[in-house]
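Structure record follows, encoded as structure tokens.
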DNA sequence: TCTACGGTGATCGTATACGATTTCATACTC
DNA sequence: GAGTATGAAATCGTATACGATCACCGTAGA
């Protein structure tokens, strides 16, 4: 059950993009990568095309691949789409979530709250994913879950942790999490849960837009 | 500007799957396809991996590719996801849709109505896509549009035209279209438009489930 | 009759080689 | 000096070749 070399190339390149070793705009040359990885260009090419399909890189015929840049408009599209998908995912999960699930989520949220002073954005973002992952474990529709993960991946690729840039948003976020848990505990209607979950993601986007209003970030509306 | 052979292979194979020339379960062998297309196996392999990523086929290492089967559960997941995505897409488009757009959509819907007697499912389905495409032309978020098209593609691959199987659903659908147009014309709030558009797709799914209740179609709920 | 085993063919996975296309620097013309 | 032709270098695109892995099937033993 050895992993294929194509899989290896995919994993390594993706990790280097996510970790920042390959910054946006970095030029990926097939033969160079092949040499570094100790494989031929064929599996590297396959990995590149796969990463392109997942929007980690852009690829132009006969020209080559470059790590996808941080595009504020792209960030905006992704956040808007995520607000819709996460809203639906939370609503679908709601009737299946048990009290132990909620307890676990609340515990994660407590760790996030503990993080608020001497703020660590990386740790906070990781805990944030944990929090929502707990809620989504019950989601009965795997397609929707897949879309959630795609969105998260895209955000990672954009490396836009809004919490990093908008002061105070992290604290708001923790409060909204608690509110969401109360809704779920009380057996609120799915429509209410969906509205709250959607608003939670949208608020992060709005905070980002308001904070960068003078920085030439375009609005898609 | 000649298309790459990989692109050619992708298009040809995908078309054959969508048209039914390659039925679900059909075994796709790289070398055979390469021979038929007059290219080598490398671009065919790339096309296959791409089709796999888009769920048209399944692929197993060292074993090969087979055309994805018709799975009622998969159909259900897809329809549920589409109802959410299409609802959001319609709501986002709503404020940007002009009266000429609505007139065009209404004209398409009239052609659908004309189709109702001596019913042609293929033509009806095509017109149905046209109808919604008109509404989505204004959608400001390309990611969401992309998800809509993915869903439509998957339905084509499943070749599950619900209209074919549920008597009377086509007529209901035409009526719901008219209702949707009235909402858009009256400048109804985005939330109302979203609810209506989502319900439109969900109603098709519900009709399918009700109609096949005794045929062992599993429920995801 | 059933199961374990091993051989054989089919198919995929990857390396290598070479042709096709693009890019960029340079020289040339107006 | 601006714009354009030209050539070489870099890079991708694809063909071919061969090794690796798996499924299938016949056989032997219990």
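Residue numbers (the numbering used here), protein chains in the order written: chain A, 83 to 303; chain B, 83 to 303.
We put the beta carbon where it would ideally sit given N, CA and C, even for glycine.
The structure presented is a predicted model; accordingly, all values stated were derived computationally and were not measured.
- Starting from residue 146 (chain A), follow the beta strand (DSSP E) in both directions and report where the run begins and ends. For residue 146 (chain A), the enclosing beta strand (DSSP E) covers residues 146 to 149.
- Sequence-distant residues of the same chain with beta carbon closer than 6 Å to residue 344 (chain B), five excluded per side: In the structure as shown, chain B starts at 83 and stops at 303, and residue 344 (chain B) therefore has no counterpart that could be examined.
- Taking residue 249 (chain B) as the reference, which of B:178, B:280, B:286, B:143 has the closest Cα? Closest option to residue 249 (chain B), Cα to Cα, is B:286.
- Task: Find out if the Cβ-Cβ distance for the pair residue 225 (chain A), residue 159 (chain B) is shorter than 9 Å.
- Result: yes
- Message: Does residue 166 (chain B) come out as helix, strand or coil in the three-state DSSP assignment?
- Response: helix
- Around the C-beta of residue 201 (chain B), are 16 or more other C-beta atoms found within 10 angstroms, so that it is buried, or is it exposed? exposed
- Message: Is there a Cβ of chain B sitting closer than 9 Å to that of residue 40 (chain A), yes or no?
- Response: Outside the displayed span of chain A (83 to 303) sits residue 40 (chain A), for which this structure offers no information.
- Item | C-alpha distance - residue 182 (chain B) paired with residue 122 (chain B), whole-angstrom precision | Between residue 182 (chain B) and residue 122 (chain B), the C-alpha separation is close to 49 Å.
- Measuring only between beta-carbons, confirm whether residue 121 (chain B) sits less than 9 Å from chain A. no
- Beta-carbon separation of residue 194 (chain A) and residue 252 (chain A) under 9 Å? yes
- Task: Could you tell me the distance, in whole angstroms, from the CA atom of residue 96 (chain B) to the CA atom of residue 232 (chain B)?
- Result: In a straight line, the C-alpha of residue 96 (chain B) is about 13 Å away from that of residue 232 (chain B).
- Task: Can you have a look at residue 207 (chain A) and say buried or exposed, based on whether 16 or more other CB atoms are within 10 angstroms of its CB?
- Result: buried
- Task: Compute the beta-carbon to beta-carbon distance between residue 272 (chain B) and residue 171 (chain B), rounded to the nearest angstrom, for a pair I have assumed lies under 8 Å.
- Result: With 8 Å as the limit, residue 272 (chain B) and residue 171 (chain B) do not qualify as a contact, their Cβ atoms being about 11 Å apart.
- Spatially closest choice to residue 280 (chain B) from B:132, B:167, B:140, by CA coordinates: It is B:167 whose Cα lies nearest to the Cα of residue 280 (chain B).
- Please check if any C-beta of chain B sits within less than 9 Å of the C-beta of residue 300 (chain A). Per-residue confidence for residue 300 (chain A) stands at a pLDDT of 47, beneath the threshold of 50, marking its modelled position as unreliable; no derived number is given.
- Message: Against chain A, does residue 143 (chain B) count as a neighbour if the rule is that its beta carbon must be under 9 Å from one of theirs?
- Response: yes
- Between which two residues does the beta strand (DSSP E) harbouring residue 140 (chain B) extend? 139 to 142
- Message: Let me see if you follow: with CB-CB separation under 9 Å, is residue 132 (chain A) close to chain B or not?
- Response: yes
- Quick one: give me the first and last residue of the alpha helix (DSSP H) that residue 206 (chain B) is part of. 203 to 218
- Message: Please tell me whether residue 307 (chain A) has its Cβ less than 9 Å away from any Cβ of chain B.
- Response: This structure cannot settle anything about residue 307 (chain A), because the visible part of chain A is limited to 83 through 303.
- Using the beta-carbon count (16 or more within 10 Å), is residue 204 (chain B) buried or exposed? exposed
- Message: Do residue 152 (chain A) and residue 211 (chain A) count as a contact pair if the criterion is CB distance below 9 Å?
- Response: Not closer than 9 Å, so no.
- Message: DSSP has residue 110 (chain A) in a bridge; who is on the other side?
- Response: Beta-bridge partners assigned by DSSP to residue 110 (chain A): A:147.
- Query: Can you find a CB in chain B that lies within less than 9 Å of the CB of residue 230 (chain A)?
  - Reply: no
- Residues of the segment 146 to 179 of chain A with Cβ closer than 7 Å to any Cβ of chain B, in chain order: 159, 160, 162, 163, 166, 170
- Message: Which residues in chain A have a C-beta closer than 8 Å to the C-beta of residue 135 (chain B)? List them in chain order.
- Response: Those are 132, 135, listed as they occur along chain A.
- Query: In the structure shown, what three-state DSSP assignment does residue 191 (chain B) receive?
  - Reply: helix
- Item | Alpha-carbon spacing of residue 198 (chain A) relative to residue 110 (chain A), whole angstroms | 38 Å
- Task: Just mark residue 118 (chain A) as buried or exposed, buried being the case when its beta carbon has 16 or more other beta carbons within 10 Å.
- Result: exposed
- Query: Can you give the Cα-Cα distance for residue 89 (chain B) and residue 129 (chain B), rounded to whole angstroms?
  - Reply: 7 Å
- Between the C-alpha atoms of residue 85 (chain A) and residue 86 (chain B), what's the straight-line distance to the nearest angstrom? 29 Å
- Message: Just to confirm my understanding: we take residue 190 (chain A), look at its own chain, exclude 5 residues before and 5 after, and list those with CB closer than 7 Å. What are they?
- Response: Excluding residues up to 5 positions away in sequence, 209, 212, 213, 216 lie with their Cβ nearer than 7 Å to the Cβ of residue 190 (chain A) in the same chain.
- CA-to-CA distance, residue 138 (chain A) to residue 143 (chain B), given in whole angstroms: 24 Å
- Item | residue 92 (chain A) versus residue 132 (chain A) - alpha carbon distance | 8 Å
- Message: With a threshold of 9 Å between beta carbons, is residue 124 (chain B) in contact with chain A?
- Response: Answer yes: the Cβ-Cβ gap between residue 124 (chain B) and chain A drops below 9 Å somewhere.
- With DSSP collapsed to three states, give me the class of residue 152 (chain A). coil
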